[in-house]
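Numbering that gives the first Met the number 0 puts the last residue of the sequence shown at 225; the count rises by one with no breaks.
This report refers to the structure that appears directly beneath it.
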Amino acid sequence: MSIIYELKVGTPVEISYLNAMHERVSLKVGYIGSVSSEFMLFDLTRNKKSLHEIKMLRPGLALELKSIVSDATLTSINFQSELLMLTTVQVPVLVVTFPKDINQKRLRCEPRLKIELMVKLTLESSQSEHLAMVTDMSKSGVHCEYHPTDQELAEADSDSLNALIDETVKIEFPPDEENPEAIVIRGKVKNIRGRDKLSVGIQFDSKDIGQIQMLYVLLVMREHGL
Numbered sequence: 000m001s002i003i004y005e006l007k008v009g010t011p012v013e014i015s016y017l018n019a020m021h022e023r024v025s026l027k028v029g030y031i032g033s034v035s036s037e038f039m040l041f042d043l044t045r046n047k048k049s050l051h052e053i054k055m056l057r058p059g060l061a062l063e064l065k066s067i068v069s070d071a072t073l074t075s076i077n078f079q080s081e082l083l084m085l086t087t088v089q090v091p092v093l094v095v096t097f098p099k100d101i102n103q104k105r106l107r108c109e110p111r112l113k114i115e116l117m118v119k120l121t122l123e124s125s126q127s128e129h130l131a132m133v134t135d136m137s138k139s140g141v142h143c144e145y146h147p148t149d150q151e152l153a154e155a156d157s158d159s160l161n162a163l164i165d166e167t168v169k170i171e172f173p174p175d176e177e178n179p180e181a182i183v184i185r186g187k188v189k190n191i192r193g194r195d196k197l198s199v200g201i202q203f204d205s206k207d208i209g210q211i212q213m214l215y216v217l218l219v220m221r222e223h224g225l
């Protein structure tokens, strides 16, 4: 069975084409589904192009499409299709031909993703909050860095740092264009070191696996420009 059938409803897809000026234009759309392996439908409501620009799309236009299928393998696909029609009744929907050939590539063999993302880190026992920088992430946890408060610095020694091992924490990832709401994931401190700046390894709570997988996939897609 073709890997195209692994696309899920709502999956972000990038569609690009050459306009009348031979300039490449890209649209962010959402996958709706396919019909009888003959054509595919995409929701245009998530893109930021004007309605005038959307109406410039004409049947017969050659399109290039790319996306990511399968949260588990993070496999990217890209293929070419032809625009069949555009409807703007109720919601703008693109209808394109079903692809004949599909290129696929697994984006990431290593489970750890190098990123730079500011988050809010809350220590549960003291309810102290810190602005922290996440520097890498996997599906099992993150590594982050933050500057302790003056009081924490005054109390900092190897014993007090060791006391934070297995401390329950809450990590709040900020909203963005793809996620209008903040993503909150819980975890436990597994290692910690430093003084003026603390380096902390956190293991995610497996109960938040759905949130973790969604965030991980979105970060990989962002890294690859999807």
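Note that the Cβ used here is the ideal one computed from N, Cα and C, for glycine as well.
Just so you know, these numbers come straight off a predicted model, no measurement behind them.
Under 7 Å between C-beta atoms of residue i and residue j
{"i": "S80", "j": "T10", "result": "no"}
{"i": "V94", "j": "L83", "result": "yes"}
{"i": "T134", "j": "E128", "result": "no"}
{"i": "L116", "j": "V68", "result": "no"}
{"i": "Q210", "j": "I184", "result": "yes"}
{"i": "T86", "j": "F38", "result": "no"}
{"i": "Y145", "j": "L214", "result": "no"}
Backbone CA spacing between residue i and residue j [nearest angstrom]
{"i": "K189", "j": "V216", "result": "24 Å"}
{"i": "A162", "j": "A131", "result": "19 Å"}
{"i": "N102", "j": "V118", "result": "35 Å"}
{"i": "I164", "j": "S33", "result": "50 Å"}
{"i": "V219", "j": "P98", "result": "24 Å"}
{"i": "S15", "j": "L43", "result": "13 Å"}
{"i": "E171", "j": "L40", "result": "34 Å"}
{"i": "D175", "j": "K27", "result": "15 Å"}
{"i": "R221", "j": "T74", "result": "14 Å"}
{"i": "E166", "j": "R192", "result": "14 Å"}
{"i": "K104", "j": "E22", "result": "27 Å"}
{"i": "F78", "j": "E180", "result": "31 Å"}
{"i": "S125", "j": "V8", "result": "42 Å"}
{"i": "D195", "j": "G186", "result": "23 Å"}
{"i": "D149", "j": "I182", "result": "29 Å"}
{"i": "A19", "j": "I114", "result": "38 Å"}
{"i": "V92", "j": "V199", "result": "46 Å"}
{"i": "V90", "j": "M136", "result": "37 Å"}
Residue environment, residue i, which counts as buried when at least 16 other CB atoms sit within 10 Å
{"i": "V168", "result": "buried"}
{"i": "V88", "result": "exposed"}
{"i": "V12", "result": "buried"}
{"i": "G59", "result": "exposed"}
{"i": "Y4", "result": "exposed"}
{"i": "L62", "result": "buried"}
{"i": "I31", "result": "buried"}
{"i": "I208", "result": "exposed"}
{"i": "M55", "result": "exposed"}
{"i": "L17", "result": "exposed"}
Cβ-heavy atom distance, residue i to the ligand SAH, below 6 Å
{"i": "I201", "result": "Inclusion of the ligand SAH in the displayed structure is not the case, the ligand content being empty and no account of it being possible."}
Checklist entry - Does the region 133-150 come close enough to the region 196-214 to have 3 or more Cβ pairs within less than 8 Å? => result Counting Cβ pairs under 8 Å, three or more are found: they touch.
Item to check | 4 or more residues per run - each alpha helix (DSSP H) lying fully within the region 114-170 | outcome: 149-154 and 157-161, all fully within the region 114-170.
Next on the checklist: Extract the residue ranges of the alpha helix (DSSP H) inside the region 14-90, only unbroken runs of 4 or more that lie entirely within it.
Outcome noted: Listed in chain order, they are 50-54.
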